[in-house]
Amino acid sequence: MRPLLAALVDDTSLLQPRATAPGVDAVVSRYLSARDGHYGGLVGRLVCPASQLPAVVTELARSSPSRPAELALVVDTGLGAVPKALSTVFSRSSLLTPSTVECAAPPDVDGVWLERVSEFVPEEVTAVVEPRRPVEDDPAGTKAWLTAVRRVAEHGCTPKLRMGGPRASDVPSVDDVHSFLEAGLETGRGGVSAQGLDRIVRDRPESAEHRGRHGLLNLIVAVSRMLGESPAGTAREALDSVDGEALARELDTLSPAAVQRVRTVLPRCGVDPEPVPVSDLVALGLLD
Numbered sequence: 429m430r431p432l433l434a435a436l437v438d439d440t441s442l443l444q445p446r447a448t449a450p451g452v453d454a455v456v457s458r459y460l461s462a463r464d465g466h467y468g469g470l471v472g473r474l475v476c477p478a479s480q481l482p483a484v485v486t487e488l489a490r491s492s493p494s495r496p497a498e499l500a501l502v503v504d505t506g507l508g509a510v511p512k513a514l515s516t517v518f519s520r521s522s523l524l525t526p527s528t529v530e531c532a533a534p535p536d537v538d539g540v541w542l543e544r545v546s547e548f549v550p551e552e553v554t555a556v557v558e559p560r561r562p563v564e565d566d567p568a569g570t571k572a573w574l575t576a577v578r579r580v581a582e583h584g585c586t587p588k589l590r591m592g593g594p595r596a597s598d599v600p601s602v603d604d605v606h607s608f609l610e611a612g613l614e615t616g617r618g619g620v621s622a623q624g625l626d627r628i629v630r631d632r633p634e635s636a637e638h639r640g641r642h643g644l645l646n647l648i649v650a651v652s653r654m655l656g657e658s659p660a661g662t663a664r665e666a667l668d669s670v671d672g673e674a675l676a677r678e679l680d681t682l683s684p685a686a687v688q689r690v691r692t693v694l695p696r697c698g699v700d701p702e703p704v705p706v707s708d709l710v711a712l713g714l715l716d
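Below, the structure is given as structure tokens:
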């Protein structure tokens, strides 16, 4: 597994709407099978809402994994539930290893709220915070959102952007993704998190009302260009590209040092609905 892709793809299946999400047993079984399979080096964390943690623990215990599953715990039951959830995770160290605690931020997120998050999250676990993005064209709301992204990064937490979902409004515009990356990287203190990707390369928008879905390679190349690691064009152009072969060739030119810098900024990405989009990566020559 090339370092650029190692442990890059998180399985976010459990974040899908309950009406359409696969069962916990199916998700855990598929995650373990992918992680222990031929392309297992691509697989990162199992993303789990706190409300489903007991079911995930039960299923992991039944499955007897060869090694603990790396866990991204998503707070969906309030910050007050975090200590108990983490206690459960730490007490089942043969089944789970905590990696991140992720939560949505209020629109007026401030240092007091972020400090409260930090109090709940141990030093060895990364706090990931998702400021709420306005779903409609709202310049004032967008400005407040980007201010919150900067505030999260300045506090030492990892800002998160949801890049897709079941509704058209769940997909941010290319401009919003670009602005998010700029805001998250301004402090130079850490990385960013992206979830909700459902394809490797961006597709074309169906209409003016339906934005194209964002691609994993687009995001990686955009981060590379924003860091000055590639002179091929702008980050904005990378996010908008539908040329998968060109994006893949550009990634092939990155030096080992450049790859390390890109992955420091973009350590993991959540991809739906399959945890390992192998066929597209093989077709583009990024996996053997």
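For what it's worth, the numbering used here labels the leading residue of the sequence shown as 429, then goes sequentially. Built from N, CA and C at the ideal position, the CB exists for glycine as well.
CB-CB length for residue i against residue j, believed under 8 angstroms
i: Ala581; j: Gly618; result: 7 angstroms
i: Cys697; j: Leu436; result: 6 angstroms
i: Asp439; j: Leu474; result: 5 angstroms
i: Leu682; j: Ser658; result: 7 angstroms
i: Val629; j: Val670; result: 6 angstroms
i: Val537; j: Leu613; result: Their Cβ separation, rounded to whole angstroms, is 19 angstroms, which puts Val537 and Leu613 out of contact at 8 angstroms.
i: Pro493; j: Leu443; result: Actually they are not in contact, since the Cβ atoms of Pro493 and Leu443 sit about 21 angstroms apart, beyond 8 angstroms.
Residue i - containing beta strand (DSSP E), residue span
i: Ser527; result: Leu524 to Ala533
i: Arg590; result: Thr586 to Arg590
One or two residues paired with residue i in a DSSP bridge
i: Val437; result: Val471 and Cys697
i: Pro450; result: Answer is none; Pro450 lacks a bridge partner.
Residue i (DSSP reduced to helix, strand or coil)
i: Val599; result: coil
i: Arg430; result: coil
i: Ser494; result: coil
i: Gln623; result: strand
i: Val549; result: coil
i: Val537; result: coil
i: Ala660; result: coil
i: Pro445; result: coil
i: Leu499; result: strand
i: Pro477; result: strand
i: Thr575; result: helix
i: Thr554; result: strand
i: Val629; result: coil
i: Pro594; result: coil
i: Asp708; result: helix
i: His606; result: helix
i: Ser669; result: coil
i: Gly713; result: coil
i: Arg458; result: helix
i: Thr692; result: helix
i: Gly612; result: helix
Unbroken alpha helix (DSSP H) run spanning residue i, endpoints
i: Glu564; result: Glu564 -> no alpha helix (DSSP H), and no H or E assigned at all.
i: Pro511; result: Val510 to Ser519
i: Val651; result: Leu644 to Met654
i: Leu679; result: Gly672 to Asp680
Counted within 10 angstroms of its Cβ, other Cβ atoms place residue i as buried (16 or more) or exposed
i: Lys588; result: buried
i: Ala596; result: exposed
i: Gln688; result: exposed
i: Glu487; result: buried
i: Ser515; result: exposed
i: Val452; result: buried
i: Thr448; result: exposed
i: Thr717; result: Here the chain comprises residues numbered 429 to 716, so residue 717 is not present and cannot be evaluated.
i: Glu558; result: buried
i: Pro526; result: buried
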